[in-house]
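> I have a structure I would like to understand better, so I am pasting it below and will then ask my questions one at a time.
In mature numbering (1 follows the signal peptide of the UniProt record, and there is no 0), the protein residues as written are -17 to -1, 1 to 271.
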């Protein structure tokens, strides 16, 4: 559904005026080394210092512009013509045409997709154009382990943050090489089902019973623009691991109950002894 919304503006609007995208944009990315449990792998990241400019050419015939509105991936977004914003636009007249430039100052993966500009002019015409921001695949980072239970289903999802969608997604079982430090080998994933997510094939890896599948797994997304990887750690909790905390709590409550019982018993004995002593003292005073 996410990637479907990227293309809808190309088909759904009825353009009364004339406009087109003069320049789309591409995120500037670099490769960084990511690490999990001592194992390193290549991860694609966005260089946020490289701004993006999208340019829209509008044939406005010197007509007065009444409003300019924007959508990002089909969702309305408020953008101002102020240069002190992270995202802003500027307009410039060129004879009968008007050039509108959208500036994205500190881009990240979420700015990819389509940017739809709509200009309403004084003759009641609507001028609509769509530009795109594209990027190599960037998989959303996953911090911490994915936890499951014996006998229960479990899934891993390769969540993409960028446009266009990858052409292929592959999964591999990561086997650490204990004798060579941070080295590892990649092999097939056993007994798993691959499922499409938002139109992206093989984006989810799923087991109906995750009991035997603790370990590390690698998702790799690839398109004509580049490649990205994400490693996942899977930890499966056995039934005994679930029971031990309960047994520990029961033992603690039992010990606490025994302690309270003996404490109250000692206190009762002490109170009886004190009462007998007080009674004896009063008897001695009365006889004297």
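Yeah, the Cβ is synthetic: ideal placement off N, Cα and C, and Gly gets one too. For clarity, every value in this text was computed on a predicted model and none was experimentally measured.
Measuring CB atoms only, is the stretch 59 to 75 touching the stretch 21 to 28, in the sense that at least three cross pairs come out at less than 8 Å?
Segments in contact, no.
> With residue 189 as the anchor, note down where its beta strand (DSSP E) starts and where it stops.
Working through the chain shown from its first residue, we reach residue 189 at position 206. Residue 189 -> beta strand (DSSP E) spans 183 to 190.
> Tell me the DSSP bridge mates of residue 230?
Translated into positions along the chain shown, residue 230 becomes position 247. Answer is none; residue 230 lacks a bridge partner.
> Excluding the five sequence neighbours on either side, which residues of its own chain have a C-beta within less than 8 Å of the C-beta of residue 2, listed in chain order?
As a position in the chain shown, residue 2 is number 19, starting the count at 1. Result list for residue 2: 39, 40, 41, 42, 100, 102, 110, 111, 112, in chain order.
> So the candidates are 178, 241, 18, 159; which of them puts its Cα closest to the Cα of residue 169?
Translated into the one-based positions of the chain shown, residue 169 becomes position 186. Measuring from the Cα of residue 169, the nearest candidate turns out to be 159.
> At what residues does the beta strand (DSSP E) containing residue 198 begin and finish?
Indexing the chain shown from 1 puts residue 198 at position 215. It spans 198 to 206 - the beta strand (DSSP E) in which residue 198 sits, taken as one unbroken run.
> Can you name the residues that DSSP bridges to residue 155?
As a working note, residue 155 is residue 172 in the chain shown. Answer is 201, bridged to residue 155.
> Beta strand (DSSP E) containing residue 209: first to last residue?
Looking up residue 209 in the chain shown gives position 226. Start and end: 209 to 220.
> In three-state DSSP terms, what is residue 179?
Position 196 of the chain shown, counted from the first residue, corresponds to residue 179. Of the three classes helix, strand and coil, the one that applies to residue 179 here is strand, per DSSP.
> Going by DSSP, what residue range makes up the beta strand (DSSP E) through residue 51?
Position 68 of the chain shown, counting from 1, holds the residue named residue 51. Run containing residue 51: 48 to 55, per the beta strand (DSSP E) assignment.
> Return yes when the Cβ of residue 92 is within less than 8 Å of the Cβ of residue 145, no when it is not.
Here residue 145 refers to the residue found at position 162 when the chain shown is read from its first residue. Here residue 92 refers to the residue found at position 109 when the chain shown is read from its first residue. Cβ atoms of residue 145 and residue 92: closer than 8 Å.
> CA-CA distance, residue 182 and residue 149?
As a first step, residue 182 must be located in the chain shown, where it is residue number 199. As a first step, residue 149 must be located in the chain shown, where it is residue number 166. Near 11 Å, if we compare the C-alpha coordinates of residue 149 and residue 182.
> What are the start and end residues of the beta strand (DSSP E) that includes residue 127?
Within the chain shown, numbered from 1, the residue matching residue 127 stands at position 144. Taken as a continuous stretch (DSSP letters only), residue 127 belongs to no beta strand (DSSP E), as it is neither H nor E.
> When the Cα of residue 79 is compared with those of 44, 118, 193, 73, which residue comes out closest?
As a working note, residue 79 is residue 96 in the chain shown. Closest option to residue 79, Cα to Cα, is 44.
> Contact between the stretch 126 to 138 and the stretch 44 to 53 is defined here as three or more beta-carbon pairs at a separation below 8 Å; is this criterion met?
Short answer: they don't touch.
> Do residue 175 and residue 188 have their C-beta atoms closer together than 8 Å?
Position 192 of the chain shown, counted from the start, is the residue given in the question as residue 175. Position 205 of the chain shown, counted from the start, is the residue given in the question as residue 188. Yes, the Cβ-Cβ distance between residue 175 and residue 188 is below 8 Å.
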